[in-house]
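Everything in the first sequence is counted per the numbering used here, starting at 15 for the first residue and increasing by one.
Each residue gets a CB set at the ideal place from its N, CA and C atoms; glycine is no exception.
This report refers to the structure that appears directly beneath it.
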Amino acid sequence: MDFFEEMEQRIPKGTVRTRFAPSPTGYMHIGNLRTALYTYLIAKHLGGTFILRIEDTDQERFVEGATDIIYKTMKTCRLTHDEGPDVGGPVGPYIQTERRALYGKYAELLIEKGGAYRCFCKPGEGEISETVDGKTIKKHQCQCSALSQTAIAQKRSAGETCVIRQKIPAGGVTSFTDAIYGEITVPNAELDDNVLIKTDGLPTYNFANVIDDHLMGITHVVRGSEYLSSTPKYNLLYSAFGWEIPNYVHCSSVMTIDPASGATRKMSKRHGDPSFEDLIALGYLPEAVLNYVALCGWSPKGEREIYSLPELVEHFDVSGISKSPAVFDLKKLTWMNAEYIKAMSPEAFFAVAAPYLSLVITNPALDLKAIAALCQNRCEVLTDLAERIDFLQAMPDYDNALYVHKKMKTTLENSLSALQAAVPVLDAMTAWDNDSLYAALMQLAADLGVKNGIVLWPIRVAVSGKASTPGGATELCALLGKTESIRRIKLAIEKLQ
RNA sequence: GGCCCGAUGGUCAAGAGGUUAAGACAUCGCCCUUUCACGGCGGUAUCCCGGGUUCAAUUCCCGGUCGGGUCACCA
Numbered sequence: 015m016d017f018f019e020e021m022e023q024r025i026p027k028g029t030v031r032t033r034f035a036p037s038p039t040g041y042m043h044i045g046n047l048r049t050a051l052y053t054y055l056i057a058k059h060l061g062g063t064f065i066l067r068i069e070d071t072d073q074e075r076f077v078e079g080a081t082d083i084i085y086k087t088m089k090t091c092r093l094t095h096d097e098g099p100d101v102g103g104p105v106g107p108y109i110q111t112e113r114r115a116l117y118g119k120y121a122e123l124l125i126e127k128g129g130a131y132r133c134f135c136k137p138g139e140g141e142i143s144e145t146v147d148g149k150t151i152k153k154h155q156c157q158c159s160a161l162s163q164t165a166i167a168q169k170r171s172a173g174e175t176c177v178i179r180q181k182i183p184a185g186g187v188t189s190f191t192d193a194i195y196g197e198i199t200v201p202n203a204e205l206d207d208n209v210l211i212k213t214d215g216l217p218t219y220n221f222a223n224v225i226d227d228h229l230m231g232i233t234h235v236v237r238g239s240e241y242l243s244s245t246p247k248y249n250l251l252y253s254a255f256g257w258e259i260p261n262y263v264h265c266s267s268v269m270t271i272d273p274a275s276g277a278t279r280k281m282s283k284r285h286g287d288p289s290f291e292d293l294i295a296l297g298y299l300p301e302a303v304l305n306y307v308a309l310c311g312w313s314p315k316g317e318r319e320i321y322s323l324p325e326l327v328e329h330f331d332v333s334g335i336s337k338s339p340a341v342f343d344l345k346k347l348t349w350m351n352a353e354y355i356k357a358m359s360p361e362a363f364f365a366v367a368a369p370y371l372s373l374v375i376t377n378p379a380l381d382l383k384a385i386a387a388l389c390q391n392r393c394e395v396l397t398d399l400a401e402r403i404d405f406l407q408a409m410p411d412y413d414n415a416l417y418v419h420k421k422m423k424t425t426l427e428n429s430l431s432a433l434q435a436a437v438p439v440l441d442a443m444t445a446w447d448n449d450s451l452y453a454a455l456m457q458l459a460a461d462l463g464v465k466n467g468i469v470l471w472p473i474r475v476a477v478s479g480k481a482s483t484p485g486g487a488t489e490l491c492a493l494l495g496k497t498e499s500i501r502r503i504k505l506a507i508e509k510l511q
């Protein structure tokens, strides 16, 4: 059995296998995340295997530590891969630079089979404008493919560097079927002899993806639609090797609306659009981001929108993926994030909220758990927690105008008298919890013969200094404790006098 | 510019040759409420344009327009 037969033997057969194959750029694009998700879902929905492969053949773009970010992101998203650089598998290695020798061997094989040739042209050399059917096409054309074995040997021993190029058939057409876009046909004359192996000996994406996808037994190639127009070239490669062509699922890009021009463009880190890790830092939950991203360009059958990852696995279907690019809507993500927050158990919410709360609450007398409970159903993103509760830690400056509220019928005068009347009532209280406070203050309002709001509104302002707070007067007082609440109310009385 | 792909409210989108053209976000109004929020109820708003095919087209076909992708020793 020769080397190539051995490689064929290793390929698992009979199961669905997909792969997510990112380049280590240092962060996770939203578009990439969505592709990773869809790739995972397609495999898992069909009971298949999900593989992680690192495409690091571009040495110039190498970023230190970038692969760790990929592992970390996949982990926080729970997109667990069954095979990959860190967990191994039957068709490794799973990092392209570690597969280097492989590509060379297959490139040699392809030359033998007539699908490729060595090209000694310098970069930019051999570019011609060819006219086909009256249309001008820019492509590479040189005499290198006609070089004899001895001529090639001479050049190489003379130290001339070369690349290996794909040899595109002169005529005919190449067709393929994409699961989303349907059948696509391209005349071969419009395809270029692209570089397969670079002078540094490493393959280009054009070559590596075909070799790896075949050798790893990938049955469904899921990737961005930017590869749609080069797919015919890859199929020519598969055919030249005599390999089976995989199923293709090309996904459209995730767009954003440029705030300056109003034009829609692809989301990109370069233009300041958030990456996955940016969204997490902004206070979004990974589950919510994943759920939103799933719906950005895919639509489930029913009307439900909230899906956990296992539920997505169950319901996902490529037929629901849309052909046109979708605009990423941060507002809808924010809504969905709030839905996720509200659905959490108090304990789970406290666990994620605590770090944000303790950023501003350092007073040990304040109960973080109680604060979290109060905030949970009015929190959209974790990062907006701080400004909602900072008044608990320290009373902010505020304008007495807050006491005046039309609907509550409060004025500076009746606020002052309400606060003055409240002090002895609060002072006399033995129990200090929300229910007792509410009962006592309602009684006070009744005794004074005024509406609840006349009493409760000024107290809320007096203890918070804010127009909007995570709870009403009694909840805030309960949180602050007796001494602090009364102290704040007395300060407010001074301020109003 | 060539080639490929696409087009339903502001956004994500369902949809079928004949429908009151779903739903969600956003937006607006009302209700609830010790504020805001949450919650509840309701409103505004969409089939890109022109030709065909058909009794009937937003749906099928052809053009146009607009949008996206691609034309690297990047992936």
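Residues bridged to residue i (per DSSP)
i: Leu251; result: Answer is none; Leu251 lacks a bridge partner.
i: Cys176; result: BP columns for Cys176 are empty, so no partner.
i: Arg114; result: According to DSSP, which records beta bridges pairwise, Arg114 is partnered with nothing at all.
i: His329; result: Partner(s): none; His329 has no beta bridge.
i: Glu122; result: Bridge partners of Glu122: none, in fact.
i: Pro201; result: Val187
i: Lys1; result: With the chain covering 15 to 511 only, the question about residue 1 has no answer from this structure.
i: Lys280; result: Met269
Whole-angstrom distance between residue j and residue i, CA atom to CA atom
i: Arg284; j: Thr348; result: 23 Å
i: Leu433; j: Pro360; result: 33 Å
i: Leu344; j: Pro288; result: 10 Å
i: Phe64; j: Pro183; result: 34 Å
i: Val177; j: Ala130; result: 10 Å
i: Leu210; j: Ala115; result: 14 Å
i: Pro4; j: Gly61; result: Here the chain has residues from 15 to 511 only, and residue 4 is not among them.
i: Ala121; j: Glu291; result: 38 Å
i: Val307; j: Ser313; result: 11 Å
i: Glu20; j: Asp96; result: 22 Å
i: Phe34; j: Leu293; result: 21 Å
i: Asp192; j: Asn261; result: 7 Å
i: Phe405; j: Lys86; result: 36 Å
i: Glu325; j: Asp461; result: 56 Å
i: Ile83; j: Asp72; result: 18 Å
i: Ile68; j: Gly106; result: 11 Å
i: Ile375; j: Ala357; result: 25 Å
i: Ser275; j: Gly103; result: 48 Å
i: Tyr219; j: Tyr41; result: 20 Å
i: Asn377; j: Leu493; result: 12 Å
i: Leu123; j: Arg318; result: 51 Å
Cβ-based burial, residue i [other Cβ within 10 Å; buried from 16]
i: Gln110; result: buried
i: Ile335; result: buried
i: Gly98; result: buried
i: Leu426; result: exposed
i: Glu489; result: buried
i: Ala222; result: buried
i: Glu394; result: buried
i: Gln23; result: exposed
i: Asp272; result: exposed
i: Asn305; result: buried
i: Asn391; result: exposed
i: Ala442; result: exposed
i: Ser243; result: exposed
Secondary structure of residue i, DSSP reduced to three states
i: Cys158; result: helix
i: His285; result: helix
i: Tyr131; result: strand
i: Leu210; result: strand
i: Gly185; result: coil
i: Met29; result: According to the sequence displayed, residue 29 carries Thr and not Met. Three-state DSSP puts Thr29 in coil, outside helix and strand.
i: Val341; result: strand
i: Met269; result: strand
i: His95; result: coil
i: Leu505; result: helix
i: Val101; result: coil
i: Asp292; result: helix
i: Lys315; result: coil
i: His43; result: coil
i: Ser143; result: strand
i: Val437; result: helix
i: Phe76; result: coil
i: Leu66; result: strand
i: Asp82; result: helix
Any alpha helix (DSSP H) of 4 or more consecutive residues that is wholly inside the segment 458-501: List check, alpha helix (DSSP H) in window: 466-478 and 487-494.
Beta strand (DSSP E) segments (min. 3 residues) lying fully within the segment 216-261: Counting only runs of 3+ residues, the beta strand (DSSP E) found wholly inside the segment 216-261 occupies 234-238, in chain order.
Length-filtered (4 minimum) alpha helix (DSSP H) runs lying within the segment 352-431: As summarised for the segment 352-431, the continuous alpha helix (DSSP H) elements at least 4 residues long and confined to that stretch are 360-371, 382-389 and 399-407, given in chain order.
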